[in-house]
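Engineer: Structure in structure tokens, see below.
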Amino acid sequence: MKVLICPDRDAAIERAKGIIIDHVNARPKAVLGLATGGTMVPLYERIVSAYQAGAVSFAGVTTFNLDEYIGIPPEHPCSYHTYMRDILFRHIDIDQSRTHLPHGMPDDVDAEGERYEAEITAAGGISLQLLGIGKNGHIGFNEPSSSLASRTRVKTLTETTRNANRQYFPEGEETPRFALTMGIGTILDARECLLIATGADKAQAVADMIEGPVSAACPASALQFHRHATIITDEEAASQLRLTDYYQHVHPDGI
Ligand code: F6R
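Following numbering that gives the first Met the number 0, the numbering of the sequence shown begins with 0 at its first residue and continues without gaps.
What follows is the structure, given as structure tokens:
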């Protein structure tokens, strides 16, 4: 794992933006795996600014999002379809027909998982998978105890995750209990993974992911098996790591 500890959240987001833009500029037909959540909002905003400044084009890029809530139609204001469209897709030159998210209201959820996997394969696989991390160590919506070999399927969300996501739903509206998510096996198939963690509330999960045992108890720890995984944190999210001196020695301030 490449562990880049940046001085603060801004620097971490800027570092991640640079990696994504370099990836797309080097591979105009990149297949990006995308994440949602609060961590990604400032990142996508910076990517939009970079596009507007002419630093990158997404005209040839294909995307696959990690997950979508079940029981929520794409046009729902809190769906990940809406999130992606409003925060990123409608601001850049991507061909909308090459943007993919699992469908949250499929007739057959198992078939939808298989269809999504087949679409990823048909696109040639994911070249760069962007990831956030849950406070409980989840990646995508692979909650603790998820099989480390799992593929796209339904997962029941934990109460921790539902509580974390409650802020995005209107008051009184029940937050979804289930999601369709790429599996850990799907994520590990990406040729490169880039996980971003900021803030003190991610510190324990970050330490478990990087320095803990590989275990379904911390799904993100599966990234220890990936040959090209980069973890970008700010100092708060890195605060529980034991080998900080080493990571800073190798990549001072995440550079
Ligand atoms: C969502 C996703 C999740 C989030 C994670 C962190 O597509 O993949 O794993 O990355 O829940 O969310 P935030 O950034 O809101 O803390």
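Where is the CB? At the ideal position from N, CA and C, for every residue including glycine.
Less than 9 Å between the C-beta atoms of N255 and T98, yes or no?
Structural biologist: Beyond the ends of the chain as shown, which are 0 and 254, falls residue 255; an answer cannot be given.
Engineer: Near P76, which residues of its chain fall below 6 Å by C-beta distance, leaving aside the five closest residues on each side in sequence?
Structural biologist: Sequence-distant Cβ neighbours of P76 in its own chain, meaning closer than 6 Å and more than five residues away, do not exist here.
Engineer: Which stretch, first to last residue, makes up the beta strand (DSSP E) that contains E210?
Structural biologist: Per DSSP, E210 belongs to no beta strand (DSSP E); it is in the alpha helix (DSSP H), 202-210.
Engineer: Relative to the C-alpha of A49, which candidate in G103, T62, L87 has its C-alpha closest?
Structural biologist: L87
Engineer: Which ranges does the alpha helix (DSSP H) cover as unbroken runs of at least 4 residues, wholly within the region 159-238, from first to last along the chain?
Structural biologist: Listed in chain order, they are 183-187, 202-210.
Engineer: Quick one: is D244 near chain C, going by C-beta distance under 9 Å?
Structural biologist: This model lacks chain C altogether, as it is built from one protein chain only.
Engineer: Distance, Cα to Cα, L194 vs V30?
Structural biologist: 16 Å
Engineer: Name the residue from G182, K134, P72 whose alpha carbon lies nearest to the alpha carbon of S145.
Structural biologist: Checking every option, the nearest Cα to that of S145 belongs to G182.
Engineer: Let me check understanding here. Comparing Cα to Cα, which of A122, P218, R161 lies closest to G59?
Structural biologist: A122
Engineer: Measuring only the C-alpha atoms, how far is I186 from Y68?
Structural biologist: Roughly 18 Å between the two C-alpha positions.
Engineer: Compute the Euclidean distance between the alpha carbons of D106 and V2, then round it to the nearest angstrom.
Structural biologist: 41 Å
Engineer: When the Cα atoms are used, what is the spatial distance from Y43 to K28?
Structural biologist: Y43 and K28 have their C-alpha atoms spaced approximately 19 Å apart.
Engineer: Taking 8 Å as the line, does the beta carbon of T98 fall inside it for any heavy atom of the ligand F6R?
Structural biologist: Every heavy atom of the ligand F6R is 8 Å or more from the Cβ of T98, so no.
Engineer: Could you check what DSSP says for V60 in three-state terms: helix, strand or coil?
Structural biologist: coil
Engineer: Excluding the five sequence neighbours on either side, which residues of its own chain have a C-beta within less than 8 Å of the C-beta of P143, listed in chain order?
Structural biologist: N135, G136, H137, T157, A215, A216, C217, P218
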